[in-house]
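In the working numbering, the protein residues as written are 16 to 242.
Virtual Cβ for every residue (Gly too), placed ideally from N, Cα, C.
Quick notes on the structure that follows.
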Amino acid sequence: MREYHHVVDGQTVDLPLGKVVCVGRNYAAHVRELNNPVPTEPVLFIKPNTALVSLAQPIMIPIHLGVCHFETEMSLLIGERLIDCTEKQAESAILGVGIGLDLTLRDLQTRLKDSSLPWEKAKAFDGSCPMSAFVSPDKLGDLQCQQIQLHQNQQLRQDGNSADMLTRVIPLLVYISQFFTLLPGDLVLTGTPEGVGPLAVGDELELCLSGVIHCKTEVFAKNKALL
Ligand code: ZN
C-alpha cells in the first residue's frame with residue numbers, strides 16, 4: 016500500500032487513499048453461480064484502505080488462509096464528498112473509472128456466512144483490493160455500457176458488461192451515500208459479473224475495461240515471514 020497512489024489519466028492526484036465501498040450480488044448471473052438469492056436492495060460491505068494495492072505490482076495472496084477467488088469489477092474513484100446525495104451530485108463526483116479485483120477468501124466467506132457472521136476477514140484483508148490506474152469517465156462514455164474482462168493464463172474467465180448490473184452506477188452511489196459518506200479518495204467497486212474462480216500461485220492475469228484500461232499482473236504467495 017505504501018507505494019500506491021491514485022492515478023488519473025497518468026497523473027498522480029492529490030487525494031488520500033480512502034475506503035473502498037463494495038456491492039455484492041450486483042449481477043444476476045453471478046448471484047446464480049454462487050447460489051445466492053437475488054437481493055432486493057444492494058448488499059454493501061467495506062474494505063479499508065489497507066486492502067488497496069496497485070495492479071502494476073504482483074498480487075500477493077494469503078494461501079495459508081484457504082481458497083482465494085478473483086472477482087473482476089469496474090471501480091469508481093470519488094472526487095467529491097457525497098452524503099445523502101442526488102443523482103446529479105453522484106454523477107459529477109466520479110473523478111475516475113478503473114478496474115480492480117475484489118479478492119475473496121471463498122471458503123472462509125462460506126464458513127462465516129454459514130455462521131451468520133460478518134464477511135470482513137474474507138473480503139477486507141490486506142491486499143484484497145488490487146486496483147488499476149484510473150481514466151476520466153469521459154474516456155469511457157456510458158458507464159452502463161462497459162466491458163469487464165479477465166483472462167487467467169490466457170483463458171477468458173470473466174466477460175461481463177456493466178449493462179447487466181442490477182443496481183446501476185448512479186443509483187448505487189446515491190444508495191451508498193445514505194449509509195456511508197463518500198469522501199474524495201474513496202473508491203466504489205460496482206460488483207462482479209459471472210465467472211469468478213480460484214487463483215493459483217503463478218497465475219498470469221490480464222484485466223481489461225472496454226479496451227481502454229489493460230493491466231497485467233501475476234500471482235504470488237504472501238509470505239508471512241516477510242510481512
Ligand atoms: Zn465483489
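Suppose contacts are defined by Cβ-Cβ distances below 8 angstroms. Is residue i in contact with residue j by that definition?
i, j, result
"residue 190", "residue 57", "yes"
"residue 141", "residue 66", "yes"
"residue 32", "residue 96", "no"
"residue 209", "residue 44", "yes"
"residue 139", "residue 63", "yes"
"residue 224", "residue 161", "yes"
"residue 188", "residue 100", "yes"
"residue 85", "residue 216", "no"
By Cβ distance, which residues of its chain are closer than 7 angstroms to residue i, with the 5 residues on each side in sequence left out?
i, result
"residue 168", "218 and 219"
"residue 80", "120 and 123"
"residue 171", "164"
"residue 143", "62, 66 and 118"
Enumerate in chain order the residues of its own chain whose CB-to-CB distance from residue i is below 6 angstroms, with the five nearest sequence positions on each side excluded.
i, result
"residue 179", "42"
"residue 82", "121, 122 and 213"
"residue 40", "46, 51, 54 and 58"
For residue i and residue j, what's the separation of their Cα atoms in angstroms?
i, j, result
"residue 98", "residue 194", "8 angstroms"
"residue 21", "residue 110", "11 angstroms"
"residue 16", "residue 68", "For residue 16, the pLDDT reaches just 46, beneath the cut-off of 50, and the residue's location in the model is therefore unreliable, although a value from the coordinates is still provided. One C-alpha to the other measures close to 5 angstroms."
"residue 77", "residue 116", "15 angstroms"
Using alpha carbons as the reference points, say which of the options lies closest to residue i.
i, options, result
"residue 158", "233, 105, 86 and 173", "105"
"residue 113", "129, 145, 101 and 137", "145"
"residue 151", "85, 47, 94 and 29", "94"
"residue 71", "235, 231, 236 and 237", "231"
"residue 88", "235, 227 and 205", "205"
"residue 153", "132, 175, 91 and 211", "91"
"residue 229", "149, 236, 203 and 202", "149"
"residue 175", "48, 181, 201 and 207", "207"
Residues bridged to residue i by DSSP?
i, result
"residue 221", "166 and 231"
"residue 90", "113 and 204"
"residue 62", "35"
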